[in-house]
Amino acid sequence: MELPKRAMTVKLENNVLTLDGEKKLVDVGLLRRLSQLAPSAFDEGNRLFTKLKGALTQNFVLQTLITQFEVIPRYWSQTNPPYEVDFIIQRENDIFPIEVKSNANTQSKSLKKFKELFYDEVKLKIRFSLDNLKLDDDVLNIPLFMADHTDRLIGLALESRKIHKSL
1 MELPKRAMTV KLENNVLTLD GEKKLVDVGL LRRLSQLAPS AFDEGNRLFT KLKGALTQNF
61 VLQTLITQFE VIPRYWSQTN PPYEVDFIIQ RENDIFPIEV KSNANTQSKS LKKFKELFYD
121 EVKLKIRFSL DNLKLDDDVL NIPLFMADHT DRLIGLALES RKIHKSL
């Protein structure tokens with residue numbers, strides 16, 4: 001399997017991942033502490049959480065992906081026009097682009113663009129969000145609280161798509 005040319009490998013050192021120059025802590029608690037947010041910030045809703053919720057959510061999802069897949073997730077981007085996919089995971093011989101959404105807007109031009117560019121290599125696009133678990137054509141939406149079950153959910157979604165195609 002060949003990964004897209006702009007897929008970046010990651011470096012894991014001292015509990016810090018570097019994805020294309022952007023550092024991400026493997027532990028959400030460490031990120032919260034280094035951000036100097038009190039634990040109570042999570043109880044205060046959007047007021048304090050707005051600025052960091054994207055980074056915290058991505059780190060949370062990354063933590064769960066690292067424990068479920070043999071290959072460390074990668075990052076993909078292109079410029080002109082700019083697109084970026086938060087993570088690319090490898091499951092067996094397939095790759096899956098992943099977007100992590102921490103707000104109500106779950107539209108993803110980048111997932112769509114990635115699929116257009118690498119049509120033959122992408123069987124399923126994955127989005128983590130606050131929405132319910134659902135398979136909408138080739139997009140599997142996984143609620144954030146189910147992130148620990150990503151590998152199993154991908155398997156079920158692929159099986160479901162295979163059954164629907166054969167009917």
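Numbering (UniProt numbering), first residue to last: 1 to 167.
C-beta atoms are modelled at their ideal positions from N, C-alpha and C, and glycine is treated no differently.
Being a predicted model, the structure only gives us computed values, none of them experimental.
| Check | Outcome |
| --- | --- |
| Short CB-CB distance (under 8 angstroms) between K125 and chain D | The question asks about chain D, but that chain is absent: this structure has only one protein chain. |
| Distance CB(L62)-CB(F87) smaller than 8 angstroms | yes |
| Alpha-carbon to alpha-carbon, Q107 and T67 | 27 angstroms |
| Y75, buried or exposed, once every other Cβ within 10 Å from all chains shown has been counted against 16 | buried |
| Check: L140 C-beta below 7 angstroms from any heavy atom of the ligand HEM | Summarising the ligand content, the structure contains no ligands, and the ligand HEM is consequently not present. |
| DSSP state of D94 mapped onto helix, strand, coil | strand |
| Local conformation of I66 per DSSP, three classes | helix |
| D120 versus S102, N141 and D94, residue with shortest Cα-Cα distance | D94 |
| Collapsed DSSP secondary structure at L130 in the structure displayed | coil |
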